[in-house]
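Asks: First the structure, then my questions, so here it is.
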Amino acid sequence: MYGPLIIKPGTSRNNKTGSWRVELKPKFLQKDCIGCKMCAVICPEGCIQGEAKNTYICDYEFCKGCGACALICPKKDILMIKEE
Amino acid sequence: MKDHLFAAGHTACSGCGQVMAARLVIDASGKNTVVVNNTGCLEVLSTKYPESAWEIPWLHSLFENAAAVASGVESGLKYLGKKEGTNIIAQGGDGSTADIGLQALSGMLERGHDILYVCYDNEAYMNTGVQRSGLTPFDTNTTTSPTGALAVGNLRPKKPMPEIAAAHGIPYVATASVGFPQDIQKKVKKAFSVKGPKYIQIHVPCPLGWRYEPQLSINIGKLAVECGLYPLIEYENGKLSGVKQIQPKPVEEYLKAQGRFKHLLSKPEEIKKIQEIADSNIQKYGLKLPAATG
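Residue numbers (the working numbering), protein chains in the order written: chain A, 1 to 84; chain B, 1 to 294.
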């Protein structure tokens, strides 16, 4: 085999892209969530997980803070808050 | 995050529409998939050597080659008797599909390989810094079609790629948009339910090149569909078989949301020309919902 070869799959997880966040981060209130999964479906990082309603949460190690989850949430159960 | 076949930690811009679409496509396709990628944003951001975001076999060979290399992968798997149950995806951006890789794609469609070709259409060469491509819409401001005294923006209309693919008479051609995520997965699953070459073109908003706030990707994708500038259509065996009907919105709503069209807002005559493009789409595909059901 010629050329650069990457043998292990999914190794990009070594990149903790959470450090890219500049100002805001999502806060999952887990109060009015109806479990529609839309936040998990559209998250560009694929870092939102949850099983049933009021369990969805993102992995801040990877979240780049784009805010798409907060905008798509039909119940406004995700807020963008200032990074501490 | 083990359940996604496209892992976190890739180096896409915050709010990237292409990555949303790529993850939906690969998750709908399942783990028995081989992906062959053209050069472009998706290739660069997903495989920062020595790391890869893909959980499935993935290949890259030059800018225009995904369709040709995927044809070889398909034939090879057939020879080894391992083709059954394996999905093959060739994918690339709009530049590598409609400009640089068009002849490789046309060859793949004509030879009848059992491959799904996915074009992520962000309407310019975003990876190299927003140069115009064949799929850049009319009047768009890009670095190679700037607005000024001699031109308003991109002089030429968008290349009708879905029609070009459908003219090959292949079993399935569809357009989708990241504004309708479930629709993307539905169309990918439908594509894999038929044998032969398939082509899906997905509209993927780009916060950097289109100049809007990163959280708005989904909304802007939706607006493009709802004003008629990006009709969601399906062709089966060369014939139009499905359209997503809409209550048309004025194109201005879509244009004013993006920096790349900012120069048009003071030029009502140009907005009229773009409205004409949307109106002709609406008429051509019958996109308008009947008034009674609206």
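Glycine included, every Cβ here is placed at the ideal spot set by N, Cα and C.
Within a Cβ cutoff of 7 Å, which residues of the same chain sit near glutamine 131 of chain B, ignoring the five residues on either side of it in sequence?
Replies: Ala124, Tyr125, Thr142, Thr143, Thr144
Asks: Could you check what DSSP says for isoleucine 164 of chain B in three-state terms: helix, strand or coil?
Replies: Of the three classes helix, strand and coil, the one that applies to isoleucine 164 of chain B here is helix, per DSSP.
Asks: What's the C-alpha gap between isoleucine 277 of chain B and threonine 128 of chain B?
Replies: 28 Å
Asks: Leaving out five residues on either side along the sequence, give the residues of the same chain with a beta carbon under 6 Å from the beta carbon of threonine 17 of chain A.
Replies: Phe62, Lys64
Asks: Among B:Leu223, B:Arg260, B:Gly209, B:Tyr230, which has the Cα closest to the Cα of tyrosine 254 of chain B?
Replies: The residue with the shortest Cα to Cα distance from tyrosine 254 of chain B is B:Leu223.
Asks: Below 8 Å on C-beta distance, what does isoleucine 72 of chain A contact in chain B?
Replies: Ile218
Asks: Taking contact to mean 3 or more Cβ pairs, one atom from each stretch, closer than 8 Å, check whether the region 203-219 of chain B and the region 103-117 of chain B are in contact.
Replies: no
Asks: Measure the CB-CB distance between valine 178 of chain B and alanine 21 of chain B and report whether it falls below 7 Å.
Replies: yes
Asks: Between the region 26-37 of chain B and the region 45-62 of chain B, do at least 3 Cβ pairs fall closer than 8 Å?
Replies: yes
Asks: Consider the C-beta atom of proline 250 of chain B and the heavy atoms of the ligand SAH; say whether any pair is separated by less than 6 Å.
Replies: Absent from the structure shown: the ligand SAH. Ligands present: none.
Asks: Helix, strand or coil for glutamate 236 of chain B, going by three-state DSSP, please let me know.
Replies: strand
Asks: Enumerate in chain order the residues of its own chain whose CB-to-CB distance from lysine 244 of chain B is below 6 Å, with the five nearest sequence positions on each side excluded.
Replies: Leu232
Asks: Any idea if asparagine 122 of chain B is buried or exposed, counting beta-carbon neighbours within 10 angstroms, 16 or more meaning buried?
Replies: Buried, since its Cβ has 16 or more Cβ neighbours within 10 Å.
Asks: The beta strand (DSSP E) with glutamine 91 of chain B in it runs from where to where?
Replies: 87-93
Asks: Within 10 angstroms of its Cβ, does threonine 47 of chain B collect 16 or more other Cβ (buried), or is it exposed?
Replies: buried
Asks: Under the DSSP definition of a beta bridge, which residues are partnered with proline 26 of chain A?
Replies: Proline 26 of chain A is bridged to A:Met80.
Asks: Does any C-beta atom of chain B lie closer than 7 Å to the C-beta of threonine 55 of chain A?
Replies: no
Asks: What number of angstroms, rounded off, separates the C-alpha of alanine 174 of chain B from the C-alpha of glutamine 201 of chain B?
Replies: 6 Å
Asks: Starting from glycine 9 of chain B, follow its DSSP beta bridges and name the residues at the other end.
Replies: For glycine 9 of chain B, which the question treats as bridged, DSSP gives no partner whatsoever.
Asks: Taking Cβ to Cβ, would you say alanine 66 of chain B is nearer than 7 Å to alanine 98 of chain B?
Replies: In this structure, alanine 98 of chain B does not lie closer than 7 Å to alanine 66 of chain B by Cβ.
Asks: Which word fits alanine 354 of chain B, buried or exposed, when buried means at least 16 other C-beta atoms lie within 10 angstroms of its C-beta?
Replies: Not covered by the structure: residue 354 of chain B. The range shown for chain B is 1 to 294.
Asks: In terms of residues, what are the limits of the beta strand (DSSP E) holding cysteine 119 of chain B?
Replies: 116-121
Asks: With H, G and I counted as helix, E and B as strand and the rest as coil, what does DSSP make of serine 19 of chain A?
Replies: helix
Asks: Using 7 Å as the threshold, is the C-beta distance between alanine 166 of chain B and tyrosine 235 of chain B below it?
Replies: yes
Asks: To the nearest angstrom, how far is the alpha carbon of glutamate 83 of chain A from that of phenylalanine 28 of chain A?
Replies: 14 Å
Asks: I need the boundaries of the alpha helix (DSSP H) containing tryptophan 210 of chain B, first residue and last residue.
Replies: From DSSP, the alpha helix (DSSP H) with tryptophan 210 of chain B extends over 207-210.
Asks: Measure from the C-beta of methionine 1 of chain B to each C-beta in chain A and report whether the shortest distance is under 7 Å.
Replies: Residue placement at methionine 1 of chain B is flagged as unreliable, the pLDDT there being 48, under the threshold of 50; the coordinate-derived value follows with that caveat. It does; some Cβ of chain A falls within 7 Å.
Asks: Is there a C-beta anywhere in chain A that falls below 7 Å from the one on arginine 23 of chain B?
Replies: yes
Asks: In chain A, which residues lie less than 8 Å from tryptophan 54 of chain B when you measure between Cβ atoms?
Replies: Pro9, Gly10
Asks: For a contact meaning CB atoms closer than 7 Å, what does phenylalanine 62 of chain A contact in chain B?
Replies: Ala8, Gly9
Asks: For asparagine 38 of chain B, name the three-state secondary structure that DSSP assigns.
Replies: coil
Asks: When you compare only the Cα positions, how much space is there between serine 280 of chain B and glycine 228 of chain B?
Replies: 9 Å
Asks: Quick one: Cα of glutamate 226 of chain B to Cα of proline 4 of chain A, how far?
Replies: Separation of glutamate 226 of chain B and proline 4 of chain A (C-alpha to C-alpha, rounded to the nearest whole angstrom) is 43 Å.
Asks: With a cut-off of 8 Å, do at least 3 Cβ pairs link the region 31-50 of chain A to the region 62-81 of chain A?
Replies: Judged by Cβ distances under 8 Å, the region 31-50 of chain A makes contact with the region 62-81 of chain A, as three or more pairs qualify.
Asks: Give the range of the beta strand (DSSP E) segment to which alanine 174 of chain B is assigned.
Replies: 172-177
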